[in-house]
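Engineer: Each step along the sequence shown adds one to the number in the UniProt record's numbering, with nothing skipped, and position 149 is 149. Cβ atoms here follow ideal geometry from the backbone N, Cα and C, with glycine treated the same way. Once you've had a glance at the structure underneath, I'll fire off some questions.
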Amino acid sequence: MIQKIIIYILGFLVVYLVGGGILFNHVLLPKPIDYSAYFEKQQQFASRAEGMQLSIKKLDKQNVFLKVSVEPYAAGPPEHIHQNFDEFFVVETGTLSLLINGQKRTLKAGESILIPKGTPHKPFNETNQMVILNDSTDAHPTMPSHFAYGLSQLYPVMDQHGAQSPKVLLKLASLGQNFDTWVADVPIFAQKAIRWLLGPTVRIIRQ
1 MIQKIIIYIL GFLVVYLVGG GILFNHVLLP KPIDYSAYFE KQQQFASRAE GMQLSIKKLD
61 KQNVFLKVSV EPYAAGPPEH IHQNFDEFFV VETGTLSLLI NGQKRTLKAG ESILIPKGTP
121 HKPFNETNQM VILNDSTDAH PTMPSHFAYG LSQLYPVMDQ HGAQSPKVLL KLASLGQNFD
181 TWVADVPIFA QKAIRWLLGP TVRIIRQ
């Protein structure tokens with residue numbers, strides 16, 4: 001009897017997770033976000049955990065241009081990968097440290113680097129001076145608008161509950177596959193599967 005109950009419960013969970021994943025990820029899609037309107041009210045957002053503050057300079061239909069302040073001794077984000085966009089760093093003041101494919105590199109004021117999509121990387125600050133990242137020419141957008149939106153949603157959860165909190169995982173699930181950041185030391189397919197399975201539950205809870 002107990003075994004049957006366990007089997008029924010497991011069967012229900014499988015149907016719920018897979019069925020919900022198909023329904024909410026491919027049929028009942030979230031309402032599109034007007035990023036221009038959103039960023040008119042959200043000109044700055046920051047992460048105490050990562051020691052970074054991002055200020056909107058301008059945006060177009062698809063991208064944002066940011067000025068980024070990196071606090072002294074800021075740990076920065078974990079080593080991560082973007083599958084669909086390159087990331088361009090220009091140091092205006094200070095010295096930025098980077099891990100790129102596990103290799104450390106530093107950039108000083110006036111230097112820049114383009115991190116190709118698919119490359120594991122991590123910016124951080126090893127000095128006692130603030131680092132300012134700013135492309136004064138705006139030749140390269142800093143990141144896609146939807147990614148900047150995701151960071152502005154994720155940072156408060158990280159700061160309130162800690163980067164390892166399950167609430168952070170749920171927030172990532174709610175942001176879905178379009179929030180294109182993946183930690184480098186976990187298989188990306190596993191991270192995508194978790195977001196795909198948990199995303200519908202998060203949307204149901206919030207409705």
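1. For residue 109, which residues in the same chain have their Cβ closer than 6 Å to its Cβ, ignoring the five residues on either side in sequence?
2. Following a CB-centred definition, is residue 187 positioned closer than 7 Å to any heavy atom of the ligand PLP?
3. Considering only their Cβ atoms, is the gap separating residue 134 from residue 51 smaller than 8 Å?
4. Closer than 8 Å by C-beta to residue 118: which residues in its own chain qualify, once you throw out the five before and the five after it? Chain order, please.
5. Report the three-state DSSP secondary structure of residue 92 (helix, strand or coil).
6. Looking at C-beta atoms only, is the number of pairs between the region 168–181 and the region 149–156 that lie closer than 8 Å three or more?
7. Taking all protein chains shown into account, decide if residue 68 is buried (16 or more other Cβ within 10 angstroms of its Cβ) or exposed.
8. Three or more beta-carbon pairs under 8 Å between the region 185–202 and the region 157–167, yes or no?
9. Run the CB neighbour count on residue 186, radius 10 Å, all protein chains shown included, and call it buried at 16 or more, exposed below.
10. Below 8 Å CB to CB, which residues in the same chain sit around residue 85 once its five sequence neighbours on both sides are set aside?
11. Count the other C-beta atoms from every protein chain shown that fall within 10 angstroms of the C-beta of residue 200, then say buried if there are 16 or more, exposed otherwise.
12. Among residues of its own chain, excluding the 5 on either side of residue 65, which ones have a beta-carbon nearer than 6 Å to its beta-carbon?
13. Which same chain residues end up closer than 6 Å to residue 71 when comparing Cβ atoms and leaving out the 5 residues on each side of it in sequence?
14. If residue 89 and residue 96 are in contact, beta carbons under 8 Å, what's the gap, nearest whole angstrom?
Structural biologist: To lay it out plainly:
1. What you label residue 109 is simply residue 109 of the sequence shown in a count that begins at 1. Setting aside the 5 residues that flank it on each side, residue 109 is surrounded in the same chain by 91 and 93, each with a C-beta closer than 6 Å to its C-beta; the list follows chain order.
2. This structure simply doesn't include the ligand PLP, nor any ligand for that matter.
3. Counting from one through the sequence shown, the residue named residue 51 turns up at place 51. Counting from one through the sequence shown, the residue named residue 134 turns up at place 134. No. Outside cutoff.
4. Stepping through the sequence shown from its first residue, residue 118 is reached at position 118. Scanning its chain for C-beta atoms nearer than 8 Å, with the 5 sequence neighbours on each side dropped, one finds around residue 118 the residues 81, 82 and 83, in chain order.
5. To locate residue 92, count along the sequence shown from 1; it is residue 92. In the three-state scheme derived from DSSP, where H, G and I count as helix and E and B as strand, residue 92 is classed as strand.
6. Enough Cβ pairs lie closer than 8 Å, so yes.
7. Numbered from its first residue, the sequence shown carries residue 68 at position 68. Flag for residue 68 reads buried.
8. No: fewer than three Cβ pairs fall under 8 Å.
9. Walking along the sequence shown from the start, residue 186 turns up at place 186. Counting Cβ neighbours within 10 Å, residue 186 comes out exposed, since fewer than 16 surround it.
10. The sequence position of residue 85 within the sequence shown is 85, counting from 1. Answer for residue 85: 117, 143, 144, 147 and 180, listed in chain order.
11. Locating residue 200 in the sequence shown gives position 200, counting from the first residue. Counting C-beta atoms within 10 angstroms of its own C-beta, residue 200 has 16 or more neighbours from the protein chains shown and is therefore classed as buried.
12. To locate residue 65, count along the sequence shown from 1; it is residue 65. So the list reads 57, 58, 138, 141 and 142, once near-sequence residues are dropped.
13. Numbered from its first residue, the sequence shown carries residue 71 at position 71. For residue 71, where only same-chain residues beyond five positions count, the Cβ hits under 6 Å are 51.
14. Looking up residue 89 in the sequence shown gives position 89. Looking up residue 96 in the sequence shown gives position 96. About 7 Å separates the two Cβ atoms, so the contact holds.
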